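Taken in order, the sequence shown gives residues 31 to 205; the numbers are from the working numbering. These notes concern the structure reproduced below.
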Amino acid sequence: MARLETQMWRCYYARSYAGLGWYLYRTCRDEYGFSPADSVRLMALAARAAKLFQDSRNETESSRALPDLERYYALIQRRSGMTFNVARAAELELRWWQMRRRLATPEEYGRTIAELMGEIYQRQNADLQQAGQLRATAMAFCDKQGHGKMRDADWQQVETQLSEAYRLYHRGVHL
31 MARLETQMWR CYYARSYAGL GWYLYRTCRD EYGFSPADSV RLMALAARAA KLFQDSRNET
91 ESSRALPDLE RYYALIQRRS GMTFNVARAA ELELRWWQMR RRLATPEEYG RTIAELMGEI
151 YQRQNADLQQ AGQLRATAMA FCDKQGHGKM RDADWQQVET QLSEAYRLYH RGVHL
């Protein structure tokens, strides 16, 4: 999962939406076990939300990504059988995107990432909190390096941090 997410980040920052879509599809299909058709729908919704956000210039414009995020989480909920608040999950996703853009600290948006995972999995624990912080730290590292200046070794460091984050997510969800 960490390798796929790292590739998604690389594609997002390079504005390679075809690549982003491919890795989103593989994540939905290979990691989460959604059907090919649902994986295509989820990929399309997530990629469109990401593009809408990336092309926006302010919070009002970035809020146009919310309906796609709501449809994304609604489909996940329907097909997974999980019970979480779809609107809340979509709102938290968009919130941490906006927080990063407003240059909130990694600690601040890391808490929001953890809150999102807590909403989806209906859990709150130290592992989920730490996993959210690790993802935020990896994002901050990318920001500090400068997206166009990231080398393969830098991306490997991101992948290593994401691997640890996903290990903690897994443990936190299965407590």
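Idealized CB from N, CA, C, for every residue including glycine. All figures in this text were calculated on a predicted structure; none of them were measured in a lab.
Given this structure, state the Cα-to-Cα distance separating residue i from residue j, to the nearest angstrom.
i    : j    : result
D157 : E89  : 30 Å
G140 : A166 : 5 Å
S93  : F114 : 21 Å
A170 : D68  : 32 Å
A77  : C58  : 12 Å
Y102 : S65  : 14 Å
Q186 : G178 : 15 Å
R56  : S110 : 17 Å
Y53  : R181 : 20 Å
D85  : L50  : 15 Å
Identify the continuous alpha helix (DSSP H) that holds residue i and give its terminal residues.
i    : result
D182 : D182 to V203
L72  : P66 to D85
E61  : Neither: E61 is in no alpha helix (DSSP H) and is coded neither H nor E.
T36  : A32 to Y43
S92  : E89 to S92
Going by beta carbon distance, what residues of the same chain come within less than 6 Å of residue i, once the five residues before and after it are set aside?
i   : result
A32 : E189, L192, S193 and Y196
Around the C-beta of residue i, are 16 or more other C-beta atoms found within 10 angstroms, so that it is buried, or is it exposed?
i    : result
E137 : exposed
L133 : exposed
A48  : exposed
E61  : exposed
Looking only at its own chain, which residues have a Cβ that is under 8 Å from the Cβ of residue i, when we skip the five neighbours before and after it?
i    : result
T142 : L122, R125, W126, M129 and G162
Query raised in the report: At what residue ranges does the stretch 123-155 contain a whole run of the alpha helix (DSSP H), taking only runs of 4 or more?
Result: Complete alpha helix (DSSP H) runs here, min 4: 136-151.
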